[in-house]
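If you use the numbering used here, the sequence shown corresponds to residues 14 to 465, in order. Note that beta-carbon positions come from the ideal geometry of N, C-alpha and C, so glycine has one too. A quick write-up on the structure given underneath.
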Amino acid sequence: MKSQNLVLMMLSCVPLFFTGSLHAQTPATVREQLTLKNATLQQCIDYALSNRPGIQQSVLDEEIGERDIKSALSGWLPQINGTGTANHNFKQQSQILTTNGESSLLTFGGKNTSAFVLQADQQFLNAGLIQASKSAKYFRQQYKQNTENTRINTVVDVSKGFYDILTSREQLNIIAENIARLEKQLKDASSQYEAGLVDKTDYQRAQISLSNSKADRKRTEELLKYKYVYLKELIGYKGEEEFSLSFASADMEKEVLLDTNQTLDYQGRVEYRLLETQKALQKINTSYNKLAYMPTLSGFINYGWNYQNQEISNLYDKVYPSSLVGLKLTVPVFLGGKRTQEIKKSQLQERKIDLDLINTKNQINTQYEQAIATYKANLNDLKTNRENVDISKQVYNTIKLQYDEGIKTYLDLMTSETDLRTAQLNYLNSLYSLLSSKFDVKQALGTITVNQ
14 MKSQNLVLMM LSCVPLFFTG SLHAQTPATV REQLTLKNAT LQQCIDYALS
64 NRPGIQQSVL DEEIGERDIK SALSGWLPQI NGTGTANHNF KQQSQILTTN
114 GESSLLTFGG KNTSAFVLQA DQQFLNAGLI QASKSAKYFR QQYKQNTENT
164 RINTVVDVSK GFYDILTSRE QLNIIAENIA RLEKQLKDAS SQYEAGLVDK
214 TDYQRAQISL SNSKADRKRT EELLKYKYVY LKELIGYKGE EEFSLSFASA
264 DMEKEVLLDT NQTLDYQGRV EYRLLETQKA LQKINTSYNK LAYMPTLSGF
314 INYGWNYQNQ EISNLYDKVY PSSLVGLKLT VPVFLGGKRT QEIKKSQLQE
364 RKIDLDLINT KNQINTQYEQ AIATYKANLN DLKTNRENVD ISKQVYNTIK
414 LQYDEGIKTY LDLMTSETDL RTAQLNYLNS LYSLLSSKFD VKQALGTITV
464 NQ
């Protein structure tokens with residue numbers, strides 16, 4: 014009965030709160046794959062933040078990291094182990110015993126022995142566990158920052174891919190208008206040629222221009238298919254599901270403006286904060302190496318069941334119990350200078366991270382200056398190209414009237430039509446470039462918000 018009470022006492026060393034960590038963890042809820050029809054940019058971003066594999070992997074990395082942290086901290090809890098042995102002694106241990114001048118051979122133990130030991134160990138002072146406790150907060154922070162970085166990149170990539178598709182679709186509309194004009198011009202040139210008013214070259218030039226425009230339309234349509242597939246990949250959308258976007262060119266023009274007077278704040282950049290987290294972890298590592306001079310203190314309690322008998326068939330007929338409780342103190346004295354070298358190495362790594370912080374600041378500043386300069390240049394290009402479109406339309410309409418009156422040649426008409434198409438496409442390209450550079454500026458400033 015005493016032995017049973019002692020075993021129960023050992024088992025009670027396990028804290029009751031440990032039970033909570035034993036419950037099965039429910040897996041992350043798999044979000045429903047919704048069908049995106051006439052999706053807006055925000056809907057695409059929200060979908061990507063929930064379904065893109067790269068983000069889901071980052072979230073899993075957070076969960077894996079949390080398991081690593083709990084695994085490291087579990088060393089503070091009692092460690093209970095059971096061991097069992099069974100031995101057959103071919104030659105039993107013996108010792109000569111001298112009594113009253115007479116010697117006799119004394120044999121120890123039984124020919125067959127067995128033992129079962131249940132032991133609980135508890136750490137009270139341990140440098141490695143102290144380091145794990147101090148660094149847990151920063152490891153969690155690092156995992157979350159990695160996920161944040163992935164989400165920010167996703168917002169930028171999806172936004173650019175979305176506007177790239179809208180730009181291509183608007184480009185198709187421009188090409189369609191151009192084809193309609195060229196078909197009418199071809200019809201007019203054909204009629205004038207048949208009437209003998211012009212030579213065959215006007216008709217042939219119209220055919221060439223129309224064929225080139227149709228080839229442009231085909232090229233743009235094929236590239237648009239790829240761009241849809243690429244955007245699906247970015248947001249983690251199933252390839253076979255229906256997918257369409259809400260298109261309005263006016264929406265793009267409304268989104269181009271940006272406050273260019275914002276102040277660059279390095280703390281807004283997750284890459285910079287990640288380095289600061291790494292520096293904090295490295296400082297803890299340096300502290301750990303210094304704590305390596307600290308002794309290790311642990312306690313233990315065990316209970317053993319010992320069996321011995323000359324006959325193996327009767328080995329477990331009688332038990333000889335034993336129990337022990339005690340403390341273990343380990344004091345490191347000399348390890349060949351290893352601890353000193355590890356401390357110096359960790360301090361050098363701290364200095365290296367300091368230099369990384371300085372270098373990252375410089376890179377962020379350069380990235381911002383490049384992004385804001387590109388944005389301002391693209392904004393000027395957009396204004397210029399918008400004016401060029403208006404002027405090109407006026408020139409084309411004037412020359413078209415003059416051509417119909419026989420004042421201008423067909424070559425003049427084709428030149429003005431080409432100038433109009435070029436101006437329209439340049440405007441679209443500058444609009445997309447401006448939107449892309451806007452996201453580059455926001456990313457450089459660290460002002461991109463992630464809703465999830």
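C-alpha distance - residue i paired with residue j, whole-angstrom precision
i, j, result
"D59", "E161", "14 Å"
"A149", "R80", "11 Å"
"K451", "D229", "28 Å"
"E234", "R153", "46 Å"
"R65", "L337", "57 Å"
"I68", "Y333", "60 Å"
"L35", "L340", "For L35, the predicted model reports a pLDDT of 36, less than 50, meaning its position is unreliable; a value from the coordinates is still stated below. The straight-line gap from Cα to Cα measures roughly 28 Å."
"N375", "Y279", "10 Å"
"Q411", "D394", "In the sequence as presented, Gln is not what sits at residue 411; that position holds Thr. If you take the alpha carbons of T411 and D394, they lie about 25 Å apart."
"K173", "Y416", "42 Å"
"N186", "E266", "17 Å"
"Y285", "Q383", "18 Å"
"E254", "E289", "43 Å"
"S204", "E183", "32 Å"
"A140", "V346", "15 Å"
"K331", "K351", "51 Å"
"E355", "Q155", "24 Å"
"F175", "T53", "9 Å"
"L342", "T299", "23 Å"
"T397", "T428", "20 Å"
"L195", "Y216", "11 Å"
"I420", "S181", "37 Å"
Candidates the options: closest to residue i by CA position
i, options, result
"N51", "L258, E235, A149", "L258"
"T167", "Y409, L62, Q205, N302", "L62"
"G459", "G122, C57, I165, A133", "I165"
"K8", "I187, F121, G141", "A question about residue 8 goes unanswered here, because the residues of the chain that appear run from 14 up to 465."
"Y409", "N191, F175, N186", "N191"
"V344", "E382, L304, Q323, I461", "L304"
"V283", "Y216, T422, A457", "A457"
"C57", "E76, V169, T431, Q106", "V169"
"H101", "I371, K227, N125", "N125"
Paired residues, beta bridge with residue i - DSSP
i, result
"V130", "T96, G317"
"Y333", "N319"
"G312", "Q135, L340"
"N125", "H101, N322"
"A457", "None; A457 has no bridge partner."
"F256", "L49"
Distance between beta carbons of residue j and residue i, contact taken as under 8 Å
i, j, result
"L270", "I178", "In fact, because the Cβ distance is near 22 Å, the residues do not count as touching under 8 Å."
"N401", "N439", "7 Å"
"Q323", "G97", "Q323 to G97, Cβ: 21 Å. No contact."
"G95", "L131", "5 Å"
"L49", "F256", "6 Å"
"A85", "S127", "Going by Cβ atoms, the distance from A85 to S127 rounds to 36 Å, so no, they are not a contact pair."
Q. How about the region 380-400 and the region 441-461: do they share at least three Cβ pairs that are nearer than 8 Å?
A. yes
Q.
Using a Cβ distance threshold of 8 Å, determine whether the region 360-374 contacts the region 291-311, with at least three qualifying pairs required.
A. yes
Q) So does the region 316-329 actually touch the region 367-375, counting three or more Cβ pairs closer than 8 Å? A) no
Q. Is the region 129-149 touching the region 81-97 in the sense that three or more CB pairs, one from each, lie closer than 8 Å?
A. yes
Q.
With a threshold of 8 Å, are at least 3 pairs of Cβ atoms found where one atom belongs to the region 188-203 and the other to the region 216-228?
A. yes
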